[in-house]
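Notes follow once the structure below has been shown.
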Amino acid sequence: MRNLETLYQVAGRVATITLNRPDKLNAWTAVMESEVRAAIEEAEKNESVRVIVLTGAGRGFCAGADMSLLSSVAEKGLDAARRAQATQPTGGSREAGRADFRKKYSYFPAVTKPVIAAINGPVVGLGLVIALYCDLRFASDNARFGTAFAQRGLIAEYGMAWMLPRLVGHANALDLLFTARMIDAAEALRMGLVNKIYPQEGFLESVQKFAMELAANVSPRSLRVIKRQVYEAMFETLVESFEVSEQEMLASLQSEDFKEGVAHFIEKRAPAFRGK
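Under the working numbering, think of the first position of the sequence shown as 2, with each following residue one higher.
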């Protein structure tokens with residue numbers, strides 16, 4: 002498939018998906034949405050891929066929804082708005098998962114492999130929504146963050162009102178949503194919005210190095226199960242989460258990756274996990 006608005010490449014067990022409208026600060030379009038979904042599904046199916054990185058070309062990550070889309074909705078009214086908000090079904094194994102993670106953009110947590118947002122510059126509005134649904138967020142020291150919705154007469158869309166407070170806390174979430182102000186990478190780090198800041202020079206290489214080390218050094222099976230545990234636990238009581246962990250631990254003790262985890266430690270060599 003020839004992509005129009007994204008790039009896709011695989012190296013060192015890491016799939017990198019690049020939003021590729023640099024002249025528009027990678028403003029989000031329906032074409033981009035479709036291509037990102039297809040690329041993630043391709044990375045999900047590829048057994049050689051263990052980690053997925055999502056980033057933007059040029060000097061920005063994603064400036065939010067393309068203004069031409071917003072202008073069209075404003076002009077054409079409710080029907081156009083409903084089409085823009087429509088949820089597309091997800092494919093593959095995610096159909097059997099929790100309904101919360103089968104909505105538009107909220108499908109990222111149902112991807113069985115870690116998804117890292119490499120935020121290389123401004124990320125605003127819908128772009129921030131997408132970054133929130135990634136598992137980890139790394140920012141360049143040039144990155145800037147903003148919700149934008151209140152300044153457009155809009156609201157916290159696509160589940161942001163649920164996801165953002167879980168990352169930055171209730172008060173910080175309301176601050177960012179009410180004011181729509183832009184914050185820098187340092188403030189985002191203090192809030193817990195991002196995990197780490199890297200220098201702009203060599204930024205993507207730094208993120209990919211982290212991703213490659215993750216792909217090489219830990220069990221893909223463990224990553225898959227832990228990711229599911231963490232997102233499912235957001236809906237569980239402590240007792241439920243505890244019981245799930247007991248079941249998953251028994252299954253882990255019977256896995257090939259557990260045997261390899263013990264063997265490579267004892268033999269003092271690099272691991273050779275197979276994800277089974």
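All C-beta atoms in this analysis are idealised placements derived from N, C-alpha and C, irrespective of residue type, glycine included.
*If we call anything under 8 Å between Cβ atoms a contact, is Phe-146 one with Ala-189?*
Closer than 8 Å, so yes.
*Note down the Cα distance separating Glu-6 from Glu-233, rounded to an integer number of angstroms.*
Looking at the two C-alpha atoms, the distance is approximately 33 Å.
_Distance, Ser-49 Cα to Ala-16 Cα_ = When rounded, the distance between both Cα atoms is 9 Å.
_As a quick exercise: from Leu-251, Pro-23, Glu-42 and Asp-24, pick the residue whose alpha carbon is nearest that of Thr-113._
Considering only alpha carbons, the answer is Glu-42.
_Exposure of Glu-45, with buried meaning 16 or more beta-carbon neighbours within 10 Å_ = A buried status is given to Glu-45, since no fewer than 16 other beta-carbon atoms sit within 10 Å of its beta-carbon.
*Do Leu-127 and Trp-29 have their C-beta atoms closer together than 8 Å?*
Their beta carbons are under 8 Å apart, which means Leu-127 touches Trp-29 by this criterion.
*Identity of the residue in Asp-142, Gln-201, Thr-180 and Tyr-106 nearest Glu-158 by Cα*: The shortest C-alpha to C-alpha distance from Glu-158 to any of Asp-142, Gln-201, Thr-180 and Tyr-106 is the one to Tyr-106.
*Would you mind giving the Cβ-Cβ distance between Leu-137 and Ile-117, rounded to the nearest angstrom? I have them listed as a contact below 8 Å.*
So it is a contact: roughly 5 Å between Cβ atoms.
*Three-state class that DSSP yields for Tyr-159 in the structure shown*: Residue state, collapsed to three classes: coil.
_Using a Cβ-Cβ cutoff of less than 8 Å, which residues in the same chain neighbour Pro-23 once the five nearest sequence positions on both sides are dropped?_
Around Pro-23: Gly-57, Ala-58, Gly-59, Arg-60 and Gly-61.
*Close beta carbons around Gly-65, own chain, < 7 Å, minus the five adjacent residues each side*: Correct list, in chain order: Ala-28, Trp-29, Val-125, Gly-126, Leu-127, Gly-128 and Ala-149.
_Is the beta carbon of Pro-115 closer than 8 Å to that of Lys-228?_
Yes, they are a contact pair.
*Note down the Cα distance separating Val-195 from Asn-121, rounded to an integer number of angstroms.*
Straight-line Cα distance between these residues: approximately 12 Å.
*Thinking Asn-1 and Gln-201 are a contact (beta carbons under 8 Å), I'd like their distance in whole angstroms, please.*
Look at the range of the chain in this structure, 2 to 277, and you will see that residue 1 is not part of it.
_Does Gln-230 come out as helix, strand or coil in the three-state DSSP assignment?_
In this structure, Gln-230 counts as helix in the three-state DSSP scheme.
*asked:* Applying the 10 Å Cβ sphere with the 16-neighbour rule, what's the burial state of Met-235?
replied: Exposed: under 16 other Cβ atoms inside 10 Å.
*Indicate whether Ser-141 and Phe-204 have their beta-carbon atoms separated by less than 8 Å.*
Yes, the Cβ-Cβ distance between Ser-141 and Phe-204 is below 8 Å.
*Please go through the stretch 97-136 and give each complete alpha helix (DSSP H) segment of 4 or more residues, from N-terminal end onward.*
Within the stretch 97-136, the complete alpha helix (DSSP H) runs of at least 4 residues are 127-134.
*For Ala-75, which residues from the same chain have a beta carbon less than 7 Å from its beta carbon, with the 5 sequence-adjacent residues on both sides left out?*
For Ala-75, the predicted structure reports a pLDDT of 48, less than 50, and the residue's modelled location is therefore unreliable. The matter cannot be settled from this model.
*Determine, using beta carbons only, whether Lys-1 and Arg-222 come nearer to each other than 8 Å.*
The question about residue 1 has no answer here: the residues shown for the chain are numbered 2 through 277.
*Taking only the alpha-carbon atoms, compute the straight-line gap between Glu-36 and Lys-25 and give it to the nearest angstrom.*
Between the C-alpha atoms of Glu-36 and Lys-25 there is a straight-line separation of about 17 Å.
*asked:* Under 7 Å: does the beta carbon of Ile-18 sit that close to some heavy atom of the ligand GDP?
replied: The ligand GDP is not part of this structure, which contains no ligands at all.
*Would you list the one or two residues that DSSP bridges to Ser-141?*
As a beta-bridge residue in DSSP terms, Ser-141 pairs with Tyr-199.
*Between the Cα of Ala-151 and the Cα atoms of Ala-162, Phe-179 and Met-164, which residue gives the shortest distance?*
Check the Cα spacing between Ala-151 and each of Ala-162, Phe-179 and Met-164: the tightest is with Phe-179.
*What number of angstroms, rounded off, separates the C-alpha of Phe-266 from the C-alpha of Lys-197?*
One C-alpha to the other measures close to 28 Å.
*To the nearest angstrom, report how far apart Met-68 and Val-231 are at their CA atoms.*
Cα to Cα, the separation comes out at about 35 Å.
*Report the rounded CA-to-CA distance for Arg-182 versus Val-32, giving the unit in angstroms.*
Their backbone Cα atoms lie some 28 Å apart in a straight line.
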